[in-house]
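A.B. asks: If you scroll down you'll find the structure; I have some questions about it.
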Amino acid sequence: MGKTGLQLSALSFGSWVTFSNQLDHKLSDRLMGIAYDAGVNFFDNAEVYAAGESERIMGQVLKGKDWDRSSYVLSSKVYFGWKGKAKKPNQFGLSRKHVMEACDEALERLQVEYLDLYYCHRPDKSTPIEEVVRTMNTLISQGKIFYWGTSEWSAAEIMEAHMIAQRLGLEGPAVEQPEYNLFNRQKMECDFLTIFNHVGMGTTTWSPLASGILTGKYNDGIPEGSRLTLEGYGWLKDKSFTEEKIGRVRALQSVSDRLGVSLATMCIAWCLTNPHVSSTILGATRESQLVENLKALDVVPLLDEEVLQEIDQIMGTKPILPEH
Ligand SMILES: NC(=O)c1ccc[n+]([C@@H]2O[C@H](COP(=O)([O-])OP(=O)(O)OC[C@H]3O[C@@H](n4cnc5c(N)ncnc54)[C@H](OP(=O)(O)O)[C@@H]3O)[C@@H](O)[C@H]2O)c1
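Put into structure tokens, the structure is as follows:
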């Protein structure tokens, strides 16, 4: 993972939207088992996912497995809190008070003694970054977390955290968790280049299938029971289900058909062709989806320069780099 010694599997498994809302304990257990048996060693979570229920389910699943704790990497994230609209000041954000309390709560829900990775789920404009750096380092020295990271922070915010950490002789953020898929490439392929090249940073990237749009399942309308039908996710539907995007996905299908692979595996494999991706986090609601998506590793070698250029032309989302 970036400049650290931590080894992450190229594909990992997360619980956003799915655990508790779509998957009960039994199916969560089944999917985590399939992932682990296939070589996945990183499971991603956050305090806000299903208001803490997602961590609780993952904790129960892990408790029931005979997996050695040293064989997997477990994360959580702090920022949004887990009390929803009822949250009071200090029950969200990145103040020392919330971060310290949230970490203890996550450990309790996940039933583990430490988190391998702990992310600041968003930047908090009302907490000085120095307070965040110092707090994360306190958690590291307490043995409650091993590495800390950011999620959806800007390049400038990440650099500020590194400069502060360097000045104080502390650990800077080792990993960032940005969205990265064929619709959203700006940060991973442009904004973060200076950090990758001069500081070093791992990335665990999210929504490789843009919430399912890049499987092609929405090409003829919204299928019953799919993510975009879920109550409370209207904002995601508005953002993801546009004529423009669906048109590009339809065109992309011709490339995966020619390669003889599913569109989903091609789009996940595409994420892995970026050498700055440490791990791409998968999501799934069914066993069949996960089994399919895990085959993405076999598709990576098929994506040569010519295919990648064709994909770029269809999508029109490749960032333009500033001229040297
Ligand atoms: N840091 C952050 O801010 C952040 C934000 C979002 C996600 N994440 C992390 O990234 C993980 C993955 O994100 P994501 O769930 O959005 O990933 P994704 O791969 O973009 O979407 C996964 C969803 O697409 C559908 N799907 C997946 N494979 C499919 C297949 N082969 N055929 C048909 N449908 C398929 C399923 O939804 P349906 O079956 O319901 O349609 C599944 O739950 C999360 O669990 C979380 O750990 C982090």
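Residue numbering for the sequence shown is -11 to 312, as defined by my numbering.
We treat Cβ as the ideally placed atom computed from N, Cα and C, and that holds for glycine.
None of these values were measured; they are calculated from a predicted model.
Would you kindly work out how many angstroms separate the C-alpha atoms of residue 0 and residue 82, rounded to a whole number?
C.D. replies: For this step, residue 0 is matched to residue 12 along the sequence shown. For this step, residue 82 is matched to residue 94 along the sequence shown. Straight-line Cα distance between these residues: approximately 26 Å.
A.B. asks: Are residue 173 and residue 307 closer than 7 Å when you measure CB to CB?
C.D. replies: Counting from one through the sequence shown, the residue named residue 173 turns up at place 185. Counting from one through the sequence shown, the residue named residue 307 turns up at place 319. Yes, these two residues count as a Cβ contact at 7 Å.
A.B. asks: Does the count of Cβ pairs from the region 182 to 201 and the region 263 to 276 closer than 8 Å reach three?
C.D. replies: yes
A.B. asks: Identify the residues that DSSP records as bridge partners of residue 194: which are they?
C.D. replies: Taking the sequence shown and counting its residues from 1, the one referred to as residue 194 is at position 206. In the DSSP output, where bridge partners are listed per residue, residue 194 has 167.
A.B. asks: Quick one: residues in its chain with C-beta nearer than 6 Å to the C-beta of residue 123, no 5 flanking neighbours on either side, listed in chain order?
C.D. replies: Looking up residue 123 in the sequence shown gives position 135. Excluding positions up to five away in sequence, the list reads 84 and 87.
A.B. asks: Closer than 6 Å to a non-hydrogen atom of ligand 1 - does that hold for the CB of residue 262?
C.D. replies: Indexing the sequence shown from 1 puts residue 262 at position 274. For ligand 1, not one heavy atom lies less than 6 Å from the Cβ of residue 262.
A.B. asks: Go ahead and label residue 131 buried or exposed: buried means 16 or more other beta carbons lie within 10 angstroms of its beta carbon, across all protein chains shown.
C.D. replies: Residue 131 sits at position 143 when you count from the first residue of the sequence shown. Exposed, by the Cβ-count rule.
A.B. asks: Quick one: what's got a C-beta closer than 6 Å to residue 249's C-beta in the same chain, skipping five residues either side?
C.D. replies: One-based indexing of the sequence shown puts residue 249 at position 261. Only 287 meet the Cβ criterion.
A.B. asks: Any chance you could list the beta strand (DSSP E) runs of at least 3 consecutive residues sitting entirely within the region 120 to 169, in chain order?
C.D. replies: 133 to 138
A.B. asks: Under a three-way DSSP split, which group does residue 117 fall into?
C.D. replies: On the sequence shown, residue 117 is found 129 positions in, with the first residue counted as 1. Helix, per DSSP.
A.B. asks: With DSSP collapsed to three states, give me the class of residue -6.
C.D. replies: Within the sequence shown, numbered from 1, the residue matching residue -6 stands at position 6. Three-state result, residue -6: coil.
A.B. asks: Quick one: what's got a C-beta closer than 6 Å to residue 247's C-beta in the same chain, skipping five residues either side?
C.D. replies: Here residue 247 corresponds to residue number 259 of the sequence shown, with the count starting at 1. 290, listed in sequence order.
A.B. asks: Would you call residue 162 buried or exposed, if buried means 16 or more other Cβ atoms sit within 10 Å of its Cβ?
C.D. replies: What you label residue 162 is simply residue 174 of the sequence shown in a count that begins at 1. So residue 162 counts as buried.
A.B. asks: Any idea which residues DSSP pairs residue 2 with across the strands?
C.D. replies: Here residue 2 refers to the residue found at position 14 when the sequence shown is read from its first residue. As DSSP reads the structure, residue 2 sits in a beta bridge with 32.
A.B. asks: Grab me the residues of residue 104's own chain with a C-beta within less than 6 Å of its C-beta, minus the 5 sequence neighbours each way, in chain order.
C.D. replies: In the sequence shown, the residue the question calls residue 104 occupies position 116. Contacts found: 61, 62 and 134.
A.B. asks: Going by beta-carbon coordinates alone, are residue 199 and residue 228 separated by less than 7 Å?
C.D. replies: Counted from its first residue, the sequence shown places residue 199 at position 211. Counted from its first residue, the sequence shown places residue 228 at position 240. In contact: residue 199 and residue 228 (Cβ atoms closer than 7 Å).
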